[in-house]
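Taking it in order: structure first as structure tokens, then the write-up.
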């Protein structure tokens, strides 16, 4: 009898333990978090236009992320250096690098659009143009998207011809209604002397090779 009672008590204890485990509150699990939201697309410019300063005559393309009515808007930098863009109005573009103009437009659009992301692409750098004329192998007009000096401009034009007067080259620069003249001796610079003659050219400069 004692053995039967003992087995009965063991069975009851096992049953109560199993019941308590079955109906116990489930253990909390780690909360499911929303995935990290995708960042807005990074604006990247080609390496050769990162530091390019916009000039009158340049053609640019402006887009605003997720704004269908503001995609690939082409605009020309006006002679006074300004551009006009919807909602942003008129802004000075000349003399600014592309990233600075993007920020200026975004600041204006922030009054109408939440967190605007502006992307500007340089289509034509017609404003930053130099001229190399005279006795060079490829005289003509050369658009440039970075600062270049006289020697580099002559190289762009294919170098001097055998008939060039190497010590009588001049750079013509229009300043208002006047024209400044900078002398340039090719042989001196080639020999590493009087390197101050090898000036950085500005938009509109003309290198003349007699």
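Numbering (the numbering used here), first residue to last: 965 to 1174.
Positions of the beta carbon are idealized from the N, C-alpha and C atoms, including for glycine.
Mind checking which residues open and close the alpha helix (DSSP H) that includes residue 1023? In the DSSP assignment, residue 1023 falls outside any alpha helix (DSSP H) and within the unbroken beta strand (DSSP E) covering 1023 to 1028.
Please report the straight-line C-alpha distance between residue 1095 and residue 1154, rounded to a whole angstrom. The straight-line gap separating the alpha-carbon atoms of residue 1095 and residue 1154 is approximately 21 Å.
Member of 1158, 1021, 1037 whose CA lies at the smallest distance from the CA of residue 1043: Selected option, being the one with the closest Cα: 1021.
Straight-line gap, residue 1157 to residue 1150 (C-alpha atoms, nearest Å): A straight line joining the alpha-carbon of residue 1157 with that of residue 1150 spans about 10 Å.
Counting pairs of Cβ atoms below 8 Å between the segment 1103 to 1113 and the segment 1023 to 1035, do you hit three or more? Judged by Cβ distances under 8 Å, the segment 1103 to 1113 makes no contact with the segment 1023 to 1035, as fewer than three pairs qualify.
Keeping to the same chain, check which residues put their C-beta closer than 6 Å to that of residue 1170; ignore five residues upstream and five downstream. Once the five neighbours on either side are set aside, the close Cβ partners of residue 1170 are 1095, 1136.
Return the bridge partner residues of residue 1107 from the DSSP annotation. 1093, per the DSSP bridge assignment.
Are residue 1086 and residue 1060 closer than 8 Å when you measure CB to CB? No, the pair does not count as a contact, with Cβ atoms beyond the cut-off.
Test item: CB-CB of residue 1051 and residue 1076 under 8 Å: Residue 1076 is positioned such that its CB atom lies closer than 8 Å to that of residue 1051.
Once DSSP output is grouped into helix, strand and coil, what is the label at residue 1073? Residue 1073 sits in a helix when the DSSP states are folded into three classes.
What are the start and end residues of the beta strand (DSSP E) that includes residue 1126? According to the DSSP assignment, residue 1126 belongs to no beta strand (DSSP E), since it is labelled neither H nor E.
Taking Cβ to Cβ, would you say residue 1098 is nearer than 8 Å to residue 1173? Yes, they are a contact pair.
Decide if residue 1073 is buried, meaning its Cβ has at least 16 other Cβ atoms within 10 Å, or exposed. Of the other Cβ atoms in all chains shown, 16 or more fall within 10 Å of the Cβ of residue 1073; this residue is therefore buried.
Give me the Cα-Cα distance between residue 1163 and residue 1079, rounded to the nearest whole angstrom. Cα-Cα distance, rounded: 43 Å.
When DSSP labels each residue in this structure, what does residue 1062 get in the three-state scheme? Annotated three-state conformation of residue 1062 is helix, per DSSP.
Alpha carbon to alpha carbon, what distance is there between residue 1070 and residue 1159? Distance between the alpha carbons of residue 1159 and residue 1070 is about 43 Å.
Over what stretch of residues does the beta strand (DSSP E) that includes residue 1116 continue unbroken? Premise fails: residue 1116 lies in the alpha helix (DSSP H), 1114 to 1120, not in any beta strand (DSSP E).
Thinking C-beta only, is residue 1109 closer than 8 Å to residue 1083? Contact: no.
Quick check on the burial criterion: 16 or more other C-beta atoms within 10 angstroms. Buried or exposed for residue 1247? Residue coverage of the chain in this structure runs from 965 to 1174, which leaves residue 1247 outside it and unanswerable.
Could you please give me the residues that DSSP links to residue 1143 through a beta bridge? Residue pairing by DSSP places residue 1143 opposite 1138 in a beta bridge.
List the whole-angstrom C-beta distance separating residue 1039 from residue 1062, where the pair is believed to meet the contact cut-off of C-beta under 8 Å. With 8 Å as the limit, residue 1039 and residue 1062 do not qualify as a contact, their Cβ atoms being about 13 Å apart.
What are the start and end residues of the alpha helix (DSSP H) that includes residue 1173? First-last for residue 1173: 1170 to 1173, but that is the beta strand (DSSP E), not the alpha helix (DSSP H).
Exposed or buried, which one is residue 1091 when buried takes at least 16 other CB atoms within 10 Å? Buried, since its Cβ has 16 or more Cβ neighbours within 10 Å.
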